[in-house]
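A.B. asks: Dumping the structure here so I can ask a few things about it.
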Amino acid sequence: MNFMKYLTEKIEALCLIIKKRRFDIILYKLLKGLTGKSLFSPLPFYLVIEPTNLCNLRCIACPTGTNKLNRLARSMSLQEFKKIVDEVRSYIAHIDLWNLGEPFLHKDILQMVRYATESGIRIRICTNGTFFKDIEYCKYVVKSGLYYLIICLDGADHETYNKYRKGADFSAVIKGFELIYQAKKELKSRKPIVELQFIVMKHNEHQRQMMLEMSGKLHADVYREKAVGIGFDGSDFQKVAKEIFPRDTSFNRNYVEKDGLFVNEVAVPNSCSSIEYYTVINSNGDVTPCCSDLASFHIMGNIFRDDLRDIWRNGKYQNLRRKIHADRKSLPVCGTCLDGRSNSFGKRTYVKTGPEPGG
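Structure below.
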């Protein structure tokens, strides 16, 4: 039965590709299957789509929370989101539905999730976890078809947690974990997979073991420790870095302290896997190469004006790829990116193996 469903979905996807005259995709899949080689794809394999760049918190290292984001506050409309999904539904299998904002602030976020899910696309969302206030809403989250839910919890108590997550309620986030689990259990659903994400910083690194244990008590499926990032440069960067960079330097994104300043001295290889397989779409439709381009220095085009396929292969994008392969370290946005470098982003992951809700 599962195989027949899988086969039916694949046939439907193929028919949609043919209907849209996407013969480049058919040729790409055929050549890749026959040769087994890594070929340049006619579209990215997955997308990061920003539903909104608004947030209800004031996290001290975030360009949104500190009012340092250099673009206007905006939420993508449901129709704009549907346009993107309609364009890529025959190819894209995965979308990360967040970037520089809190996704659950968007009034249509669950409609977005459902539309993409019904189009055969898996959706992953990262949230500060402050919006899961009642069981009925959490049931809507589960029923939407959301595949993966990351809830950020950067401390084992209110005082530690609020040193970074300014404006958040620790107890409300804890309750949110419990309500999501309850909703999954009542609906006998294994999805969404729930990850407790813990950003390791100076003020909370002593709680790592406590957070691992807490993730089990909160019924998280995955516990992940993440390297801290700072979304802006200059003197403000140095000030925040001194405040939050942990003593465990493996969580400092390759920064080392030298003469009282944090500098990035780790070699940057002339390669990048990200530039070949995914792209970011901001809430205003601007397409940027990756999530490291927080200030949108490299705008490749706008999806509300042009097809993603045309943007993905345009001269501007190709020139950026060539520059990365020739002299990647010359690009400021590549300075803190961990792709291909010594430390891996969120490298410590513990997957829970306890009983599933409804099991």
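When we follow our numbering, the leftmost residue of the sequence shown carries the number 674, and every step to the right adds one.
Quick reminder that beta carbons are idealized off the backbone N, C-alpha and C, glycines included.
Whole angstroms are fine: how far does the CA of lysine 931 sit from the CA of serine 1017?
C.D. replies: Numbered from 1 along the sequence shown, position 344 holds the residue referred to as residue 1017. Numbered from 1 along the sequence shown, position 258 holds the residue referred to as residue 931. Caution applies to serine 1017, whose pLDDT of 44 falls short of 50 and renders its modelled position unreliable; the value that the coordinates give is listed next. About 22 Å.
A.B. asks: When you measure from the CB of threonine 961 to every non-hydrogen atom of the ligand MN, does any distance come out below 7 Å?
C.D. replies: Within the structure as shown, the ligand MN is missing, as the structure has no ligands at all.
A.B. asks: Thinking just about the alpha-carbon of each residue, which of Leu1004, Phe924, Lys996, Glu916 is nearest to the one in isoleucine 1051?
C.D. replies: Lying before the first or after the last residue shown, residue 1051 is absent from the chain, which here runs from 674 to 1032.
A.B. asks: Can you tell me where the beta strand (DSSP E) holding isoleucine 872 begins and where it ends?
C.D. replies: Translated into positions along the sequence shown, residue 872 becomes position 199. Segment 866-873, the beta strand (DSSP E) holding isoleucine 872.
A.B. asks: Counting C-beta neighbours from all protein chains within 10 Å, is the total for leucine 745 16 or more, i.e. buried, or is it exposed?
C.D. replies: As a working mapping, residue 745 is identified with position 72 in the sequence shown. Exposed is the call here.
A.B. asks: Just list the residues that DSSP pairs glutamate 930 with in beta bridges.
C.D. replies: Counting from 1 along the sequence shown, the entry for residue 930 is found at position 257. Partner(s): Phe935.
A.B. asks: Please classify alanine 900: does DSSP put it in a helix, a strand, or coil?
C.D. replies: The sequence position of residue 900 within the sequence shown is 227, counting from 1. Alanine 900: strand per DSSP, three-state reduction.
A.B. asks: Give the secondary structure of cysteine 825 by DSSP, where H, G and I count as helix, E and B as strand, and everything else as coil.
C.D. replies: Residue numbering aside, residue 825 sits at position 152 when the sequence shown is read from its first letter. Here cysteine 825 sits in strand by DSSP.
A.B. asks: State yes or no: is the C-beta of lysine 806 within less than 8 Å of the C-beta of alanine 856?
C.D. replies: Along the sequence shown, read from residue 1 onward, the residue named residue 806 stands at position 133. Along the sequence shown, read from residue 1 onward, the residue named residue 856 stands at position 183. It is not a contact, given that the beta carbons lie outside the stated cut-off.
A.B. asks: Take the Cβ of glutamine 991 as the centre, count every other Cβ of all protein chains shown within 10 Å, and call the residue buried at 16 or more, exposed below.
C.D. replies: Walking along the sequence shown from the start, residue 991 turns up at place 318. So glutamine 991 ends up on the exposed side.
A.B. asks: Determine the direct distance from the alpha carbon of tyrosine 719 to that of proline 1005, and round the result to whole angstroms.
C.D. replies: For this step, residue 1005 is matched to residue 332 along the sequence shown. For this step, residue 719 is matched to residue 46 along the sequence shown. Straight-line Cα distance between these residues: approximately 24 Å.
A.B. asks: If you compare alpha carbons, which of Glu791, Ile872, Leu993 is closest to asparagine 949?
C.D. replies: The sequence position of residue 949 within the sequence shown is 276, counting from 1. It is glutamate, not asparagine, that sits at residue 949 in the sequence shown. When each option's Cα is compared against that of glutamate 949, the closest is Leu993.
A.B. asks: If you check the beta carbons only, do isoleucine 737 and histidine 779 fall under 8 Å apart?
C.D. replies: Residue numbering aside, residue 737 sits at position 64 when the sequence shown is read from its first letter. Residue numbering aside, residue 779 sits at position 106 when the sequence shown is read from its first letter. Residue identity differs from the one stated: residue 737 is threonine in this sequence, not isoleucine. No, the pair does not count as a contact, with Cβ atoms beyond the cut-off.
A.B. asks: So, with DSSP's three-state summary, where would you put tyrosine 810?
C.D. replies: By 1-based counting over the sequence shown, the position of residue 810 is 137. In this structure, tyrosine 810 counts as helix in the three-state DSSP scheme.
A.B. asks: What does the Cβ neighbour count give for arginine 694, buried or exposed, with the cut at 16 atoms within 10 Å?
C.D. replies: Position 21 of the sequence shown, counting from 1, holds the residue named residue 694. Only weak support is given to the placement of arginine 694: the predicted model assigns it a pLDDT of 47, under 50, and the question is left unresolved by the model.
A.B. asks: Helix, strand or coil, according to DSSP, for tyrosine 834 in the structure here?
C.D. replies: If you number the sequence shown from 1, residue 834 lands on position 161. Helix.
A.B. asks: When we look at the beta-carbon of glycine 1032 and count the other beta-carbons within 10 Å, is it buried (16 or more) or exposed?
C.D. replies: Against the sequence shown, residue 1032 aligns to sequence position 359. Caution is warranted here: a pLDDT of 40 is assigned to glycine 1032, below 50, making its placement in the model unreliable, and the coordinate value is therefore given only provisionally. Per the 10 Å Cβ criterion, exposed.
A.B. asks: Just curious, the alpha helix (DSSP H) that valine 846 is in, first and last residue?
C.D. replies: If you number the sequence shown from 1, residue 846 lands on position 173. First-last of the alpha helix (DSSP H) with valine 846: 843-859.
A.B. asks: Considering only the alpha carbon of each residue, which of Tyr810, Val786, Gly849 lies closest to tyrosine 820?
C.D. replies: Position 147 of the sequence shown, counting from 1, holds the residue named residue 820. Here the closest residue by C-alpha is Val786.
A.B. asks: Which ranges would you report for the alpha helix (DSSP H) in the region 932-1002 if only whole runs of at least 4 residues count?
C.D. replies: Whole alpha helix (DSSP H) segments, 4+ residues: 947-950, 981-985, 988-1000.
A.B. asks: Can you list, in chain order, the residues of its chain with a C-beta nearer than 7 Å to that of aspartate 842? Leave out the 5 residues immediately preceding and following it.
C.D. replies: Here residue 842 refers to the residue found at position 169 of the sequence shown. Excluding positions up to five away in sequence, the list reads Thr803.
A.B. asks: Using three-state DSSP, classify tyrosine 719 as helix, strand or coil.
C.D. replies: Locating residue 719 in the sequence shown gives position 46, counting from the first residue. Of the three classes helix, strand and coil, the one that applies to tyrosine 719 here is strand, per DSSP.
A.B. asks: Express the C-alpha separation of glutamine 911 and valine 846 in angstroms, rounding to a whole number.
C.D. replies: In the sequence shown, the residue the question calls residue 846 occupies position 173. In the sequence shown, the residue the question calls residue 911 occupies position 238. Taking the straight line from one Cα to the other gives about 30 Å.
A.B. asks: Using DSSP with H/G/I as helix, E/B as strand and the rest coil, what is isoleucine 733?
C.D. replies: Within the sequence shown, numbered from 1, the residue matching residue 733 stands at position 60. Three-state result, isoleucine 733: coil.
A.B. asks: Residues bridged to arginine 795 by DSSP?
C.D. replies: Locating residue 795 in the sequence shown gives position 122, where the first residue counts as 1. His767.
A.B. asks: With distance defined between alpha-carbon atoms, name the residue in Lys848, Pro717, Pro865 nearest to threonine 790.
C.D. replies: As a position in the sequence shown, residue 790 is number 117, starting the count at 1. That would be Pro865, whose Cα lies nearest to the Cα of threonine 790.
A.B. asks: In this structure, how does DSSP classify threonine 739 when only helix, strand and coil are distinguished?
C.D. replies: Working through the sequence shown from its first residue, we reach residue 739 at position 66. Three-state result, threonine 739: coil.
A.B. asks: Go ahead and pull the three-state DSSP assignment for leucine 819.
C.D. replies: Position 146 of the sequence shown, counting from 1, holds the residue named residue 819. Reduced to three states, the DSSP call for leucine 819 is coil.
A.B. asks: For serine 750, which of helix, strand or coil comes out of DSSP?
C.D. replies: For this step, residue 750 is matched to residue 77 along the sequence shown. Three-state result, serine 750: coil.
A.B. asks: In this structure, how does DSSP classify threonine 922 when only helix, strand and coil are distinguished?
C.D. replies: Within the sequence shown, the letter at position 249 stands for residue 922. Residue state, collapsed to three classes: helix.
A.B. asks: Touch check for the region 750-770 and the region 974-985: three-plus C-beta pairs under 8 Å?
C.D. replies: Judged by Cβ distances under 8 Å, the region 750-770 makes contact with the region 974-985, as three or more pairs qualify.
A.B. asks: Going by DSSP, name the residue or residues bridged to valine 761.
C.D. replies: As a first step, residue 761 must be located in the sequence shown, where it is residue number 88. Valine 761 is not bridged to any residue.
A.B. asks: Kindly indicate the opening and closing residues of the alpha helix (DSSP H) around alanine 914.
C.D. replies: By 1-based counting over the sequence shown, the position of residue 914 is 241. Element bounds for alanine 914: 907-917.
A.B. asks: Residue range of the alpha helix (DSSP H) that glycine 889 falls in?
C.D. replies: Within the sequence shown, numbered from 1, the residue matching residue 889 stands at position 216. Start and end: 881-890.
A.B. asks: Under 8 Å by Cβ, that's how I've got asparagine 801 and arginine 762 pegged, so tell me the actual separation to the nearest angstrom.
C.D. replies: Position 128 of the sequence shown, counting from 1, holds the residue named residue 801. Position 89 of the sequence shown, counting from 1, holds the residue named residue 762. Going by Cβ atoms, the distance from asparagine 801 to arginine 762 rounds to 29 Å, so no, they are not a contact pair.
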